[in-house]
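Each remark here refers to the structure printed beneath this line.
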């Protein structure tokens, strides 16, 4: 599903003239499913009808099923690790569905919902976490870079790519996804310096899921994370990251600014990581269960379902259809994971450099010689 939009920010729009993000955040659908009128953001989603909203609901249900199935695969020893996105579906789906295919995505390791929207295959989603490859997919086939595990490094990549877009005179945009913890990294701050200085068409999309592994966001940010961006000269939007419609609207605002020469935007999507940081983490050791239960009441999927039900656009047949799609997806995902072929020993040398490299070639030759020493001797021969 692609959502097309050709709207422009009015000259006197506060997202143009002001630098301060909203506090607490932009919200268009409350947790109970009621619609919140907003004179600044409603027109950005005027074209979003019931059919589009049902598509966004379907997206969120399917990516949650990807997440739960992959977590099960890890618990069963089929994956080495998995970074859950449970609870962050609206932030990722709402922003990703605002992009067009020619925009380029630079993500962290948790944006599997964004990868789903970009058309990444199930096997490619599993490949790295099963240990079958160093990179999951061809970035140029989906305009999304492989997952970045180094915290915050992708922000620099996005800023540099966006500067290239501007140099080429294109109206595409780049977007970088990272968590609240990454905002303390030098790479993210340096990326914002470059983006502001060169008015690069880039969106810095921070999913504030309240926890940087075992440390709460309040330990590193005494004010909303988005309040930092204006110090770099970058307009910021603070949005309810569990509201898929508000996230879609906020991302459209940022994309319009980027495409029209207005430079970068920082979006803070306020959401919550319902599960562990990764499957190697135990959040019960540092997180109060009461907090988790409070955030369950703000679940992005049940919120949109409640809104659609209130509009008479959500019935048992639709729910059953989505559930069947999710079951089919889970079976296909599991089969794709288990059918991945084991990589050959020489593949460790592939795709290290774009061009031939004599130093690497010598290493590969020495490695093959070493492996040949381990091969069984021919019948009648000796080693």
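Residue numbers (our numbering): 80 to 462.
Note that CB positions come from ideal geometry on N, CA and C, so glycine has one too.
Continuous beta strand (DSSP E) stretch holding residue 286: start and end: Residue 286 sits at position 207 when you count from the first residue of the chain shown. Counting along the chain, the beta strand (DSSP E) containing residue 286 begins and ends at 281-287.
For residue 267, the first and last residue of its enclosing alpha helix (DSSP H): Mapped onto the chain shown, residue 267 falls at position 188. Taken as a continuous stretch (DSSP letters only), the alpha helix (DSSP H) holding residue 267 covers 265-277.
Cβ pair residue 146, residue 165 closer than 7 Å: Looking up residue 146 in the chain shown gives position 67. Looking up residue 165 in the chain shown gives position 86. Yes, the Cβ-Cβ distance between residue 146 and residue 165 is below 7 Å.
Which listed residue (347, 348, 346, 363) has its alpha carbon closest to that of residue 354: Locating residue 354 in the chain shown gives position 275, where the first residue counts as 1. Minimum Cα distance to residue 354 is reached at 363.
C-alpha distance - residue 199 paired with residue 393, whole-angstrom precision: To locate residue 199, count along the chain shown from 1; it is residue 120. To locate residue 393, count along the chain shown from 1; it is residue 314. When rounded, the distance between both Cα atoms is 28 Å.
Beta-bridge pairing of residue 349 - partner residues as DSSP gives them: Working through the chain shown from its first residue, we reach residue 349 at position 270. Residue 349 pairs with 287, 319.
Supposed close pair residue 167, residue 350 - CB separation, criterion 8 Å: On the chain shown, position 88 is the one that residue 167 refers to. On the chain shown, position 271 is the one that residue 350 refers to. That pair is a contact at about 5 Å.
For residue 447, the three-state DSSP class (helix, strand or coil): Here residue 447 refers to the residue found at position 368 of the chain shown. Reduced to three states, the DSSP call for residue 447 is helix.
Alpha carbon of residue 202 to alpha carbon of residue 416, nearest angstrom: Along the chain shown, read from residue 1 onward, the residue named residue 202 stands at position 123. Along the chain shown, read from residue 1 onward, the residue named residue 416 stands at position 337. Rounded to the nearest angstrom, the two C-alpha atoms are 6 Å apart.
Buried/exposed call for residue 276, threshold 16 Cβ in 10 Å: Numbered from its first residue, the chain shown carries residue 276 at position 197. Exposed.
Simplified DSSP state of residue 308, which is helix, strand or coil: Here residue 308 refers to the residue found at position 229 when the chain shown is read from its first residue. Looking at residue 308 - three-state DSSP - the assignment turns out to be helix.
C-alpha distance - residue 371 paired with residue 209, whole-angstrom precision: Here residue 371 refers to the residue found at position 292 when the chain shown is read from its first residue. Here residue 209 refers to the residue found at position 130 when the chain shown is read from its first residue. Those two C-alpha atoms are separated by around 29 Å.
For residue 452 and residue 135, the rounded distance between their alpha carbons: Position 56 of the chain shown, counting from 1, holds the residue named residue 135. Position 373 of the chain shown, counting from 1, holds the residue named residue 452. Cα-Cα distance, rounded: 56 Å.
Cut-off 7 Å between Cβ atoms - residues of its own chain near residue 144, not counting five sequence neighbours on either side: Residue 144 sits at position 65 when you count from the first residue of the chain shown. Result list for residue 144: 405, 408, 409, in chain order.
Complete runs of the beta strand (DSSP E) confined to the segment 215-270 [at least 3 residues]: 253-258
Given residue 293 as reference, the closest of 314, 361, 304, 180 once Cα atoms are compared: Position 214 of the chain shown, counted from the first residue, corresponds to residue 293. Taking only the C-alpha atoms, the option nearest residue 293 is 361.
Reduced DSSP secondary structure (H/G/I, E/B, other) of residue 179: The count along the chain shown starts at 1 and reaches residue 179 at position 100. Looking at residue 179 - three-state DSSP - the assignment turns out to be coil, as it is neither helix nor strand.
Which listed residue (454, 213, 384, 391) has its alpha carbon closest to that of residue 324: The residue labelled residue 324 in the question sits at position 245 within the chain shown. Here the closest residue by C-alpha is 384.
Extent of the continuous alpha helix (DSSP H) run through residue 155: Translated into positions along the chain shown, residue 155 becomes position 76. No residue range can be given for residue 155, since it is assigned to no alpha helix (DSSP H) and is classified by DSSP as neither H nor E.
DSSP beta-bridge partners of residue 295: In the chain shown, the residue the question calls residue 295 occupies position 216. Answer is 290.
Exposure of residue 96, with buried meaning 16 or more beta-carbon neighbours within 10 Å: Here residue 96 is taken as the residue at index 17 of the chain shown, counted from 1. Here residue 96 scores only 40 on pLDDT, less than 50, and its place in the model should not be relied on; the value that follows carries that caveat. Burial call: exposed.
Identity of the residue in 327, 320, 251, 174 nearest residue 121 by Cα: What you label residue 121 is simply residue 42 of the chain shown in a count that begins at 1. Per the Cα distances, 327.
First and last residue of the uninterrupted alpha helix (DSSP H) at residue 365: In the chain shown, the residue the question calls residue 365 occupies position 286. Unbroken run through residue 365: none, as it is neither H nor E.
Nearest-angstrom Cα separation, counted from residue 450 out to residue 287: Translated into the one-based positions of the chain shown, residue 287 becomes position 208. Translated into the one-based positions of the chain shown, residue 450 becomes position 371. For residue 287 and residue 450, the distance between alpha carbons rounds to 48 Å.
Nonlocal neighbours in the same chain, by C-beta distance under 6 Å from residue 181, ignoring five residues either side: By one-based count along the chain shown, residue 181 stands at place 102. So the list reads 251, once near-sequence residues are dropped.
CB contact flag (residue 169, residue 303, <7 Å): In the chain shown, the residue the question calls residue 169 occupies position 90. In the chain shown, the residue the question calls residue 303 occupies position 224. The answer is no: Cβ separation not under 7 Å.
Buried versus exposed, by CB contacts within 10 Å (16 or more), residue 227: For the purposes of this step, residue 227 is identified with residue 148 of the chain shown, where counting begins at 1. It is buried - the Cβ of residue 227 has at least 16 other Cβ atoms within 10 Å.
DSSP three-state assignment for residue 185, whether helix, strand or coil: To locate residue 185, count along the chain shown from 1; it is residue 106. It is a strand residue.
Beta-bridge partners of residue 124, as assigned by DSSP: The residue labelled residue 124 in the question sits at position 45 within the chain shown. DSSP output for residue 124 lists no bridge partner at all.
Pair within 7 Å by beta-carbon distance, residue 244 and residue 271: Here residue 244 corresponds to residue number 165 of the chain shown, with the count starting at 1. Here residue 271 corresponds to residue number 192 of the chain shown, with the count starting at 1. Not in contact: residue 244 and residue 271 (Cβ atoms no closer than 7 Å).
Buried/exposed call for residue 432, threshold 16 Cβ in 10 Å: One-based indexing of the chain shown puts residue 432 at position 353. Burial call: exposed.
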